[in-house]
Amino acid sequence: VLLKEANESLQTQVETTKVQLEEKDTQYKRLGADFENFRKRTQKEKEELDVQTKCSTIIELLPVIDNFDRARSQIKPANDGEMNIHKSYQTVYKQMVETLKRLGVSAMRPEGQEFDPNLHEAVMREPTAEYPEGTVTEELVRGYILGDRVLRHAMVKVATAPEPEESTEEAQTDAEG
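Remember, our numbering sits 258 above the position in the sequence shown when you count from 1.
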């Protein structure tokens, strides 16, 4: 009888220990999963911070690129000395553009495309029959993209339907009436 009671007591202890072991195992697995989720979240946040830092740095450089573009289109070297200076700063400009390309930055080319408020900022409207209504007719300030992020919206001129012209007869009857 004593042996039977001792055996039952030991079996109860074994069962209790098994339950405790399963609880600890579940806690251990949960802790491992929590840590893995934390590690992934931290990695994702680090990558996001890296992208935000890259974006803000590039955005600060875009006015410099704009100034190089303006200088290239407006300055016409008149002699060899001016041409050498022109070539020197154009070399710097090309290096900057190549660096931006390596970083994944691309310039928008919106002319002839349908206006998209996610990419473009309409600053002018142009009545024209040359383009369908809502088409970008001219890029006034270049826009840039990094991956799927817009660094700067392109400032554009957008086509609108041309004003209806009054026929000469209608204009005369309006003037007489």
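Note that the Cβ used here is the ideal one computed from N, Cα and C, for glycine as well.
Assuming residue i contacts residue j (C-beta within less than 8 Å), just tell me the rounded distance between them.
{"i": "residue 368", "j": "residue 414", "result": "6 Å"}
{"i": "residue 363", "j": "residue 307", "result": "Their Cβ separation, rounded to whole angstroms, is 18 Å, which puts residue 363 and residue 307 out of contact at 8 Å."}
{"i": "residue 379", "j": "residue 411", "result": "4 Å"}
Restricting to Cα atoms, I'd like to know which of the options is closest to residue i.
{"i": "residue 377", "options": "279, 406, 277", "result": "406"}
{"i": "residue 355", "options": "382, 320, 342, 334", "result": "320"}
{"i": "residue 330", "options": "301, 346, 283", "result": "346"}
{"i": "residue 397", "options": "375, 370, 422", "result": "370"}
{"i": "residue 229", "options": "326, 263, 340", "result": "Here the chain has residues from 259 to 435 only, and residue 229 is not among them."}
Quick check: is the beta carbon of residue i nearer than 7 Å to any beta carbon in chain D?
{"i": "residue 329", "result": "Annotation note: the requested chain D is absent from the structure, which comprises a single protein chain."}
Quick one: what's got a C-beta closer than 7 Å to residue i's C-beta in the same chain, skipping five residues either side?
{"i": "residue 387", "result": "420"}
{"i": "residue 426", "result": "Summary for residue 426: the model assigns pLDDT 49, below 50, so the residue's position carries little reliability; its value from the coordinates is reported in the next sentence. Contacts found: none."}
Counting C-beta neighbours from all protein chains within 10 Å, is the total for residue i 16 or more, i.e. buried, or is it exposed?
{"i": "residue 402", "result": "buried"}
{"i": "residue 358", "result": "buried"}
{"i": "residue 322", "result": "exposed"}
{"i": "residue 291", "result": "exposed"}
{"i": "residue 435", "result": "Any reading at residue 435 needs caution, since the residue's pLDDT is 49, under 50, leaving its predicted position unreliable; the model's value is listed next. Residue 435 should be labelled exposed."}
{"i": "residue 382", "result": "exposed"}
{"i": "residue 316", "result": "buried"}
So, are the CB atoms of residue i and residue j less than 7 Å apart?
{"i": "residue 384", "j": "residue 393", "result": "no"}
{"i": "residue 365", "j": "residue 389", "result": "no"}
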